[in-house]
Amino acid sequence: MKRILFSLLLVASQLVSRADEGMWMPLLLSQNYAEMQRLGLKLTPEQIYDINKSSLKDAIVNFGGCTAEMISDKGLLLTNHHCGFDAISKLSTVGNNILMNGFMAGNQAEELPCPGVTVKFLVRIEDVTEKVRNFIGKAYGKEVETKFDEISKAITKTANEENTYESDVKSFYAGNKYFLFVYQKFTDVRLVATPPESLGKFGGDTDNWMWPRHTCDFSMFRIYCNNDNKPAAYSANNRPFVPKHHLPVSLKGVKENDYTMIMGYPGRTTRYLTSYGVDLATNVSNPALVKIRDKRLSIMREDMGNDMAVELQYASAYARLANYWKYFLGQTEQLKNLRILEKKQQEEEAFNNWAQDNNKDLKNVMPDYQKAYAEYSPYAKHATFFTEAFLASSLTKIALSFDNIEKAIKAGVSDDSLETLCKKVIANRKSTLANTYLPLDKKVFAALNLMYYQDVTKSQHPSVFNDIFENYGSDDWKKTFDDFTNDLYENTALLDSEKFMNLCNAEHIEKLMKDPAIHYALNVMHNYKDNYEAKINEFSYEMFDLNRSYQGGLLEKNKNKLMYPDANSTMRVTYGKVCAYSPKDAVSFKYYTLADGLLEKYKAGDREFDLPANVVDLLKNKDFGAYADKELGSLVTCFITNNDITGGNSGSPVINANGELIGCAFDGNWEAMSGDVAFDTRFKRTICADTRYIMWVVDKVLKGHHLLDEMNVIK
Ligand code: ARG
């Protein structure tokens, strides 16, 4: 059976396939194989993906939404610093600031458990298109979702019963194909090593999403398991996991045009987004999100800079918000610069013309898109403000958790059930407050609710805005919202532990429900959910149906070409080469950066460009040891390739023609920020930390010689 499949795929490989653009499914890689070989690949398809024998896929894991790779036979993994960031900041205290100072466990006993961090290995992939599509039949809209949930539960149940695995069914090409993914999930994961933040996040948000780059964006963790090499909850008795495959670490360096392959878990792309979607993103959703986050981040910075405890409390949330603040800023800019809207319009016209002649069922797809967007667009801004602005404060989150209690009271449930719900709210409040600095939260609340008031169309406002103006009204709207917020934070029982604990029980809950914060939050929420969410959901179901038709039509129209599916957090392979580029007329960027650039950018005491004294010394003395590039006479820090990656690929291995690790992918570049919507071959690059840079930091900065001994380092 396998043999037949393989020869069929070899026929497919006569089809046109190309490097750079494309996030290909490892199961179907034979179709790209000829092109991969032409570019220099020395491995067989089975060495990349095989479900019986060990292959590269066994070294690549999903690290809580990022990617990581196994680099030793003792469960050691490499990922990005920004992927380990949340765990690292949680392990840090003012007195023992691992985030700031970096960390290297001297031995396995010193490695730090990271509760909540999980690692998933892919066991196998199976095409279940027929099963799922037969079950869904001619359903459309919400019914597709319901039926999909039902059939995927049945499929995953059987997959899980066979063994102790965890699995899910994923839609490809917007519901034209379906595949089952079976994983093995580990939960005892421990921090082994991290550079100081000044190296791991060197350049901060200024350099983020930019080339040339000098960030040493890596961290290392170890997977622990039971005596049978199987997943187990944390225990001091667990032992390091032995993976089926781990990557040799090459210190041989890269040259322009070298073959590069990246395997990992890209999260989401929308390469088939229509011109209507591009228009809405460019003019409505992206600017709204950027404006809200601009404000929120500047408020956060004020308090973070003044107090290390607050800094650590908010470091991870800040980094996450800032990363996508800049992402959407860049996406908007490049959607315009690269004229993506016009390109999409041309593609749509071609599709439309093809449909008229070849598939009459699809002739209304484009007009229907236009209609759906026209109906949805008056609410799009409100949707962004609801999630980004209204839900931004902890007080709002706590208040909203009373939604279930409100429903329960209306339904007249028993005191026992109410008591259970109260316990949930109490637990939620406790964990939310642990991550909150109230003076900061209050400023965010006041500023973002004011912005919600000012920016969301007046006819869509909740009634509680009238109450606010009745009580606090002034010509200065900022003053109105400040006064309202001050009173609210002062008087709400939600922020007064004693009052709260006295009231949050079945006996007193009706009284607590009259709390001003609960009243406010539920009013804004109801206005949104009762009046607008239905319209927004309707739009998403309509998009689902249209996308399925559009992408199904494209598969038919392009049947002589290979067409890769949008990213969906499943394992993909992208292949290409080390590749320089020109960002604009008369300017050219090299494909690599050197340690010399670290010193050029270095600014003592700066939030983003500082460096530890010992690193400055090593750099000044050019103490690069065996890690220096002989021809360049310096240490190569980062390099770029033309591989096709996106968020979720962070931490992915950059693999050479022989299956060795040459870098760790960590970012994209500014000129191609619209890349998730449309791939531009001229500009789209992947930014990678060179393994020599990473190993130099492990060796010279962190003194982790024992780790180097543990890896299979190829000089
Ligand atoms: N842009 C990178 C990515 O999304 C994350 C970089 C994190 N650094 C930062 N300064 N926020 O993969």
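So the mapping is simple: my numbering equals the position in the sequence shown, first residue as 1, plus 678.
C-beta: ideal position from N, C-alpha, C; glycine also.
Since this is a predicted model, take the numbers as computed values, not measurements.
When the beta-carbon positions are compared, Ala-871 and Ala-746 stay at least 8 Å from each other. Gln-1009 counts as buried, since no fewer than 16 other beta carbons sit within 10 angstroms of its beta carbon. Taking 8 Å as the cut-off, the beta carbon of Asp-883 is found no closer than this to the beta carbon of Thr-893. For Val-739, the pairing in a beta bridge is given by DSSP as Ala-746 and Phe-799. In this structure, Asn-935 sits away from Lys-1207, with a CB-CB distance that is not shorter than 8 Å. Between Glu-1025 and the set Thr-796, Lys-1101 and Ser-953, the nearest pair of CA atoms involves Ser-953. Shortest gap from the CB of Gly-1231 to any heavy atom of ligand 1: 7 Å or more. The C-alpha of Tyr-1150 is placed about 55 Å away from the C-alpha of Lys-816.
Secondary structure of Lys-1108 (DSSP, three-state): helix. Around the CB of Lys-1156, fewer than 16 other CB atoms lie within 10 Å, so the residue is classed as exposed. Contact check for Tyr-1057 against Ile-1187 fails: the beta carbons are separated by 8 Å or more. Counting the other Cβ atoms within 10 Å of the Cβ of Gln-709 gives 16 or more, which makes it buried. For the beta strand (DSSP E) assignment, the uninterrupted runs of no fewer than 3 residues enclosed by the stretch 802-851 are, from N- to C-terminal side, 844-850. Assigned with DSSP and collapsed to three states, Thr-1065 falls in helix. Annotated as proximal: Ser-876 and Pro-1290, with beta-carbon spacing under 8 Å. DSSP, reduced to helix, strand and coil, places Val-772 outside both helices and strands of the structure shown, so it counts as coil. According to DSSP, residue pairing for Lys-1262 in a beta bridge involves Val-1265. Not a single heavy atom of ligand 1 lies less than 7 Å from the C-beta of Lys-1362.
Going by DSSP, Leu-1272 is part of the beta strand (DSSP E) stretching over 1270-1272.
In the DSSP assignment, Met-1351 falls outside any beta strand (DSSP E) and carries neither an H nor an E.
Selection Leu-1069, Lys-1088, Leu-1172 and Leu-1166 evaluated against Met-1129 yields Leu-1069 as nearest (Cα-Cα). Taking the Cα of Lys-1279 as reference, the smallest distance to any Cα among Asp-1153, Pro-890, Met-1351 and Pro-1117 is reached at Pro-890. Ala-737 is positioned such that its CB atom lies closer than 8 Å to that of Met-748. Less than 8 Å separates the beta-carbon of Pro-704 from that of Met-1249. Per DSSP, the unbroken alpha helix (DSSP H) holding Ile-1083 starts and ends at 1081-1089.
In this structure, Leu-1200 and Glu-1084 form a Cβ contact; the two beta carbons are roughly 6 Å apart against a cut-off of 8 Å. Here His-924 is buried: its Cβ has 16 or more other Cβ atoms, across all protein chains shown, within 10 Å.
For Ala-1245, the secondary structure class from DSSP, reduced to helix, strand or coil, is coil. Within the model, the alpha-carbon separation for Leu-1296 versus Lys-1378 is close to 8 Å. Counting of Cβ neighbours within 10 angstroms places Leu-1310 among the exposed residues, the total staying below 16. The beta carbon of Thr-1364 lies closer than 6 Å to those of Thr-1319, Asn-1321, Ile-1323 and Ala-1343 in the same chain, with the five residues before and after it left out. Counting C-beta pairs with one atom in each stretch, the stretch 900-911 and the stretch 859-874 have three or more that are closer than 8 Å, which means they touch. When secondary structure is reduced to three states using DSSP, Thr-960 falls in the helix class. Leu-1007 and Asn-1015 have their C-alpha atoms some 13 Å from each other. Between Asp-1119 and Leu-1073, the C-beta gap is smaller than 8 Å, which places the two residues in contact. Contiguous alpha helix (DSSP H) elements confined to the stretch 1265-1341 occur at 1273-1279 and 1291-1298, taking only those with 4 or more residues.
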